Every structure is written in C-alpha cells, then in structure tokens.
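Structure record follows, encoded as structure tokens.
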Amino acid sequence: MAQMTMIQAITNALDGELGRDEKVLLFGEDVGQSGGVFRATDGLQKKYGEHRVFDTPLAESGIGGLATGLAIQGFRPVMEIQFFGFVFETFDEIAGQAARMRFRSGGRYTAPITYRAPFGGGVKTPEMHADSLEGLLLQTPGLKVVIPSNPYDAKGLLISAIRDDDPVFFLEHMKLYRSLRQEVPEDAYTIPLGQANIVRPGKDVTVVAYGAMVHTAVKAADEWSKTRGIEAEVIDLRTISPLDMETIVQSVKKTHRAVVLQEAQKSSGAAAEIVAQITENAIYHLEGPVLRITAPDTVYPFGMIEDEWLPTPDRVLRGLEKVMSL
Amino acid sequence: MSAVLEKKSLPYLQVLDEEGNVVSAEWMPKLSDEVLRDLMRKMVFTRIWDGRAVKLTRQGRLGFYAPVAGQEASMIGSEAATQKEDFLLPSYRDVPQAVWHGWPLYQAFLYSRGHQHGGQFPQDVHVLMPQIIIGAQVVQAAGVALAFKLNKEPKVAFTYIGDGGTSQGDFYEGINFAGAYQAPAVFIVQNNQFAISVPVALQTAAETLAKKAVAAGIPGVQVDGMDVLAVYAATKQAVDRARAGGGPSLIETITFRYGPHTMSGDDPTRYRTKDLEEQWQRKDPLVRFRKFLESKNLWSEADEERVIAEANDAVKEALSQADNYPKMTVAQLIDSMFESLPADLIAQRADFAEEGK
C-alpha cells in the first residue's frame, strides 16, 4: 500500500472518480493547467482532457452557478473554491440555490455537487484564507459538510461526497495537507458520510473534535494519560453535518463527561450544536456541564498571533482539567 | 433579414410601429399565418390570465404573483423563437414563458401558493423554477449551456432578467462565463424601465443595457419589446446562432409593466406619472399586432372572443386542479431535503408526523 499525504489522497480520489464516472467534472480557478494552488488536481487535466478538468474565469459566484447549471443537467461537478474565505462570494449559489434544488423542484432536479475548499489556521496564509467558517454551512438545510482529519479518511470521504446525490461541502485543512503520511489503498473505497470514528478509546471523558483539532486532542489525551492517568476517548467527527450523535451519545453514556474541541470561533458553531444535542440526548448520564474549547469569538487573526489564537495543547489540557473538576 | 447580431454598433430592432405598420421589411421574420395567429393567441391569452391572476391574488386565492401586462410581446415573442428541448431559466415574472414552454398552469398556481410540487415539472418540460435571487439564473444559464456544449446536444439555455438585474454581479459573471466557454446561451434583458421603483437612469451610466454585452465579448442587440415580431426576429437569430455553435448573445427588450412590481403592496403612483403610463399604453403590444393581423385578415373580433373564453376556461380549470391538489405536508418538506434522510431529520419528521402534519 502506498504512503500518501492528504493532498495526494485527495488527488488520488479525484483521479479515481474522474476515471469511474464520465459525469464527474472538476473545475475552479487554476485547477486545470496549473493543477491547483495546492496541486490537488495535478496532472488531471492532462489525463482527462480540458472538457473534464478545466479552469474558470475568476469569479466564485459564476463558478457556483456553473456547478448548479451543470448539476441539473446530470453532471457531478466537483468545484474548487480556491480558499474557503472566498465562500461569501458564492454563498447564494450554495445555500440559496443548490441546497434548495431538491426542495424547490419537488425532487425533479437535484444538485449532486461537491464543493472543495482549503481552510484552517496555522500555516500563515494571507487574511481571509484560513478562517473556519463551517458554522455558516451548518445552518444550511440540504447541505452536508465533511472535514477529514487524515489522508485515509480524506480519500474515502471525498469519494462518498462525489457519489452523494446531494450537495456536499468538503473542507480540507491546509495544515494537514502535507504534515502527515498514511497508508492509503490505491483502489477506491468509501467512508459513509455522517459516521464518526473513535480514534482513541478511553473511559473517563469524551473529547469530540474534527479536522486538525483531532490531532491536538489525541496529543493532549496521550499527555494526560501519562501525567494524570486519566483516559480520554477522542471522537473524530469526520462529518459535521449530519452529525453522528449516536457515537457521541454512546461514548458520553460511558464516560459521563464531555468536552468539544473546535478550531473555529466559539459561538453558534459545530461545538454549540454538539453540546445542545448531548444535552437533549444524554443529560441524565452527565456528571457535569459539557464544555467547549475553541478560539475566541473574533475574526481570524492572520499572521502574528495565529498560534495563540488557535486552541493550543495547553489550552486543551486546561479545558480537560476543568471539565473533570466540575 | 440581415445579420443584426453581427453589427458593430449596437442596433435597435423594430418591425412594426405603434399602428401596426411594417417599418422594416428586412427584419420581418418569415412566419406562416398560423404561427402569426398563434403569437396573437398567446398574447391575448396571457393578458386575460394575468388579469385573472391579479384578481385571484387580491382575493387571497393565489400567493405570490408578479403582473406581466405590457410585457407580452417581450415574453412571448422570445419564448416562441425557442424549441421545446431548449432550457428556460425564468425569473419570478417570467411565468408566461414557462407556461408556454410547457409548465402546466395548475403547477404555476401551486408554485404561487408555495407548494413544492409546483416546481415538479413533467419530464419533457425543460424549465427551472422561477428565480427569486436577482441574477442567479444568469450564472446558472451559463452552466446549463456548458452542459449542452459538453454533451454535444443541439440545445440552447435561455434566461431572463430585468433592467435592475443587470447591475448585479451575477449578471456580469454569467454572460462572461458563457462568452469565455462559447456556450449556447441567450440572455434576455427585459428593460421595463423600473426595478420596483428605481428607474434605469439610476442603475447605470451605460447608454443601453445591450451594450453590457460588449465587455463580455458577446453580441448585443436592443429591440422594441412592445413589438412581438422584432422580439421574435432577434431571439430567433440568437437561438439559431447559439445552436449552431456560435456562442451566446444578449437581447435587451424595451418594454413596460403596466401593473405594480408584485401584488405584495407595491404602489407605482409613488414613482411613475400617469403621463408616462399612458405614453407606454399607446405602444401596447396587443393593439399594434392586432392591427397588423387585421390588415392581413388574419384576426377578427370572433378570434379575440374565442381566445378570451379559452383563457378564462383554462384559468378556471387550472385553479380547480390546484384547489383539489393534496396539500403539502411538513413530512414531505423534510423528505425533500436529501436523497436519504440523516438520523436527526428522521426524528424531526416523526415529531411532525405525531402532530399530524
């Protein structure tokens, strides 16, 4: 089996799906000739031709509209938003148009679009490139949202996203693109959307995380196990919409304590939703309040103070101590 | 007919004057008597049904409705130049084109009432739901047209937007994308002079809206939108050109809506003078085309009365179909969010089912 980085796993998934289904199209800014700013589509235009993998004019709403129009004519567009911070420009086409297509037409038209976008802090991008805006997507009925934490999951989830008959937003954390390698099968495989993964079993407290924070959570949990002998169970959500509440609730019923870790600003996002649903489904199993460990409710401070802004391992440890003490 | 779309300076196209006289035989489309009569039939039919729809909305029997009287030539002349396989992306006022393109009238009424089955077009009807967000249909039209090009299908995507809509970013993005891909699209700007209350002069310094085509590198033409033959002639050229692989074009129809923006409280007396309204009524598309047809003995009072009766009957029938259609349910709504429902939505669906909704 080949060792792959996440970006390689993504290219591999796109390659396989282009080869499997001629209705799959890849497009966006710089994805054709140049292979994308992160090289996610490297070599794919050459392999599949300009009618399958192509560059678009520089206008995100236009790219979104192109995807919607192609989708209702039976294509499976995989469109790239060069950086997630540019999503505002095409938010209508995602939330206002594609995600409502099935509803508005009573099922006559669907929009099986995969929106890919790099995001995430810690890599010193310019302003409006790294922001964690996934909370905006969670408020969009009809849209699924996937955030993988490793190369193996990225491939299986991306294939599922492309094959899904509804629009799926696939967010790729830039810090994970090349920071870890993993064995990834060459052949296609799928990981169901909406299925979380327990990446570190434990009995004392449930830690829910997604994306790059999964690694921060595991690191903190290992450290904690060594220094305090407390075993945290870390759940990697993989999909933040729909949420795999069953896995979370089962874990909470076992550990009786929970903390949710997210890189995004604190309020009204994925973490808030998870806390609400734990309360709805498992409150009598809890021994204390469910806490959130997040960034503060500010814009993403590109550059100088990125590393302090992001939930650091220390901040996570403090959060874990607090949830155990309440 | 000369190739008006190819001209360097943007032309203004008119075939009939206000009295129904042919002012430009050169641009007269070659249409059979039968087709000419059908254009008139559709315009009269639409005028009658529009009047009925306005009344029904006032009575609370329809939901959302944007009146169309005054724009019949612009709407029907353009749609008539397309083929059934061509794909229509209408905006909210473009219900007549959608209906003449195959949307059953009772479904249009269901849509007006907020029933999602209004948008459940029959499989052989190639229309998208009326667009509410100004400009979104233009970027989507580029996508539909690109699909036809990639599939090598001899079809055209055609879409409508108003004068105000040409200020929207999506308008520029859509015509530019279609131009960049040389996709088979036709963009029709219905310049009815006011975007709700704001006049064209406040929208842009552009001399004409057709001129906006220049920046996208596609042909543009301005047409007398009260002249059904001129609208037909321009659209036919644009559609044929697109179908033959010649790329997209833009048509600006100069027209006027007699009524309010929608039936939801707009009062045109706040922004239009009586004078202006009368000025436009003298250009009425039905009056001038009727005169033209009468001069050729192709239309009579009996024809007119027959179509009026036909339209009234059709509205009555469609309304009764819509009235008898099963009410939409919240469970149906939930079911239409995804191909297969996630666990949380299944639970939410069960809650509503318990309430009997």
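So the protein sequences, as listed, match chains P and X.
Mapping to the numbering used here: the first sequence position 275 is 275, numbers consecutive.
To convert, take the position in the second sequence, counting from 1, and add 1000; that gives the numbering used here.
Positions of the beta carbon are idealized from the N, C-alpha and C atoms, including for glycine.
Keep in mind it's a predicted model, so treat the numbers as computed, not measured.
Setting aside the 5 residues that flank it on each side, residue 1135 of chain X is surrounded in the same chain by 1165, 1168, 1170, 1171, each with a C-beta closer than 6 Å to its C-beta; the list follows chain order. When 7 Å is used as the limit between beta carbons, residue 1170 of chain X is near these residues of chain P: 61, 65, in chain order.
Residues of chain X whose Cβ lies closer than 8 Å to the Cβ of residue 20 of chain P do not exist, since the nearest Cβ in that chain is about 18 Å away. The beta carbon of residue 316 of chain P lies closer than 7 Å to those of 216, 217, 220, 261, 293 in the same chain, with the five residues before and after it left out.
Taking 7 Å as the cut-off, the beta carbon of residue 1219 of chain X is found closer than this to the beta carbon of residue 1005 of chain X. Rounded to whole angstroms, the gap between the alpha carbons of residue 1078 of chain X and residue 1236 of chain X is 8 Å.
Around residue 271 of chain P, the same chain offers 260, 262, 292, 294 as residues with beta carbons nearer than 7 Å, after the five sequence neighbours per side are excluded. Comparing alpha-carbon positions, the option among X:1142, X:1199, X:1203 lying closest to residue 1242 of chain X turns out to be X:1142. Just measuring C-alpha positions, the residue of P:238, P:250, P:300 sitting nearest residue 282 of chain P is P:250. For residue 257 of chain P, no CB of chain X lies under 7 Å from its own CB, so it is not counted at the interface with that chain. Rounded to the nearest whole angstrom, the C-alpha separation of residue 175 of chain P and residue 42 of chain P is 19 Å. Shown here, residue 1017 of chain X sits in coil according to DSSP, grouped into three states, outside any helix or strand. Contact with chain P is found for residue 1176 of chain X, since one of that chain's Cβ atoms lies less than 7 Å from the residue's Cβ. In the structure shown, residue 1179 of chain X falls within a helical segment according to DSSP collapsed to helix, strand and coil.
For residue 299 of chain P, no alpha helix (DSSP H) run applies, since DSSP gives it neither H nor E. Taken through DSSP and simplified to helix, strand or coil, residue 1259 of chain X comes out as coil.
Looking at the backbone, the Cα of residue 1310 of chain X and that of residue 1318 of chain X are separated by about 12 Å. In this structure, the alpha-carbon of residue 136 of chain P lies about 23 Å from that of residue 29 of chain P. Of all residues in the stretch 227-240 of chain P, none has a C-beta nearer than 7 Å to a C-beta of chain X. Looking at the backbone, the Cα of residue 1315 of chain X and that of residue 1036 of chain X are separated by about 23 Å. With 16 or more other CB atoms across the displayed protein chains lying within 10 angstroms of its CB, residue 101 of chain P is buried. Positions of the beta strand (DSSP E) runs, each at least 3 residues long and wholly inside the stretch 199-260 of chain P, are given as 205-209, 232-236, 239-241 in order along the chain. With a minimum length of 4 residues, the unbroken runs of alpha helix (DSSP H) contained wholly in the stretch 1222-1250 of chain X fall at 1228-1243. One thing to note: residue 162 of chain P has its Cβ within 7 Å of the Cβ of residue 78 of chain P.
By the Cβ neighbour-count rule, residue 1191 of chain X is buried, with 16 or more other Cβ atoms within 10 Å of its own. Listed by position along chain X, the residues whose Cβ is nearer than 7 Å to that of residue 166 of chain P are 1338, 1339.
Ranked by Cα distance from residue 1216 of chain X, the options X:1308, X:1014, X:1180 are led by X:1180. Residue 1186 of chain X counts as buried, since no fewer than 16 other beta carbons sit within 10 angstroms of its beta carbon. Secondary structure at residue 1191 of chain X: strand, using DSSP grouped into helix, strand and coil. Against chain P, the beta carbon of residue 1143 of chain X has neighbours under 7 Å at 65, 66, 67, 68, 69, 70, listed in chain order. Using a Cβ distance threshold of 7 Å, residue 233 of chain P and residue 255 of chain P count as a contacting pair.
Residue 103 of chain P belongs to the set of residues whose beta carbon lies under 7 Å from a beta carbon in chain X. Remark: three or more beta-carbon pairs, one from each stretch, lie closer than 8 Å, so the stretch 10-23 of chain P and the stretch 174-188 of chain P are flagged as touching. The three-state secondary structure of residue 33 of chain P, taken from DSSP, is coil. Each of X:1226, X:1221, X:1119, X:1163 was checked against the Cα of residue 1202 of chain X, and the nearest Cα belongs to X:1163.
For a Cβ distance threshold of 7 Å, residue set 1147 of chain X lies close to residue 75 of chain P, ordered along the chain.
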